[in-house]
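J.:
Residue numbers (the numbering used here): 248 to 475.
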């Protein structure tokens with residue numbers, strides 16, 4: 248792909264009920280790897296795309312180890328005016344990496360319909376990204392607050408996501424940012440480390456004591472929409 252590519256990394260997501268947010272923060276601060284804030288907390292926003300046959304969703308539900316998702320990501324409290332980048336997130340079990348493509352034009356989610364937004368994306372992408380956009384449709388928008396942490400040795404990173412909101416786009420001609428999908432109040436902790444480093448993931452996870460479950464924000468939002 249004609250883009251920038253993040254190095255491969257191991258990614259493990261841990262899911263907790265929202266009422267445990269302060270506990271999870273305490274576990275991070277007391278962890279033996281001495282995690283400290285890496286960046287200021289910020290709002291993360293995504294438009295998730297899928298094919299008309301919902302291939303990404305079906306691949307995940309069928310249990311395929313190799314999966315791919317296309318999303319447009321931007322940051323900040325403004326949900327109406329989106330200036331950011333397209334990302335293709337690839338996953339092979341716990342090994343993940345992504346390709347990114349900065350989009351030169353902002354998406355006007357408040358005044359443009361999806362046909363106009365789709366045209367903007369096609370006009371400002373090329374190569375493999377343009378091909379992916381050409382067969383994609385928006386299916387969900389989500390937004391959440393994210394905190395960033397890094398271990399004192401610089402080898403392991405954590406992100407902590409909460410205040411998660413999602414909006415159904417499957418049957419809308421223009422972006423829906425008013426009617427939320429009813430979601431459980433969850434806190435998502437993700438552990439990330441580059442594959443070239445020898446990191447004991449089991450020991451890191453062991454210091455987060457509550458029982459956890461696997462989590463995908465895209466799948467969770469789609470499941471809530473379908474009532475699964």
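A virtual CB, placed ideally from N, CA and C, is assigned to each residue, including glycine.
Under three-state DSSP, which class holds residue 367?
T.: In the structure shown, residue 367 sits in a helix (DSSP, three-state: H, G or I).
J.: Assuming residue 353 and residue 389 are in contact, meaning their beta carbons sit under 8 Å apart, how far apart are those beta carbons, in whole angstroms?
T.: At roughly 19 Å, the Cβ-Cβ gap does not stay under 8 Å, so residue 353 and residue 389 are not in contact.
J.: Given this structure, state the Cα-to-Cα distance separating residue 368 from residue 454, to the nearest angstrom.
T.: Distance between the alpha carbons of residue 368 and residue 454: 43 Å.
J.: What is the residue span of the beta strand (DSSP E) that residue 446 lies within?
T.: Careful: residue 446 lies outside any beta strand (DSSP E) and carries neither H nor E.
J.: For the beta strand (DSSP E) containing residue 392, name the first residue and the last one.
T.: 384-397 is the span of the beta strand (DSSP E), which, as asked, contains residue 392.
J.: Is the CB-CB distance between residue 407 and residue 434 below 8 Å?
T.: In this structure, residue 434 lies closer than 8 Å to residue 407 by Cβ.
J.: Tell me where the beta strand (DSSP E) around residue 343 begins and ends.
T.: It spans 342-349 - the beta strand (DSSP E) in which residue 343 sits, taken as one unbroken run.
J.: Beta carbon of residue 384, beta carbon of residue 296: below 8 Å?
T.: Contact: yes.
J.: Under the three-state reduction of DSSP, which class applies to residue 413: helix, strand or coil?
T.: DSSP places residue 413 in strand when its eight states are reduced to three.
J.: Can you tell me whether residue 271 is buried or exposed? The criterion is at least 16 other CB atoms within 10 Å of its CB, across all chains shown.
T.: Per the 10 Å Cβ criterion, buried.
J.: Out of 256, 262, 255, state which residue places its alpha-carbon closest to the alpha-carbon of residue 464.
T.: Out of 256, 262, 255, 262 has the C-alpha closest to the C-alpha of residue 464.
J.: The alpha helix (DSSP H) that contains residue 378, what's its start and end?
T.: Unbroken alpha helix (DSSP H) run through residue 378: 374-381.
J.: Along the chain, where does the beta strand (DSSP E) that runs through residue 438 open and close?
T.: First-last of the beta strand (DSSP E) with residue 438: 433-441.
J.: Whose C-alpha, out of 439, 373, 290, 275, is nearest the C-alpha of residue 409?
T.: Of the listed residues, the one whose Cα sits closest to residue 409 is 290.
J.: Distance check for residue 472 and residue 256, CA to CA, integer angstroms please.
T.: Between residue 256 and residue 472, the C-alpha separation is close to 30 Å.
J.: Please list the terminal residues of the continuous alpha helix (DSSP H) segment that includes residue 275.
T.: First-last of the alpha helix (DSSP H) with residue 275: 268-277.
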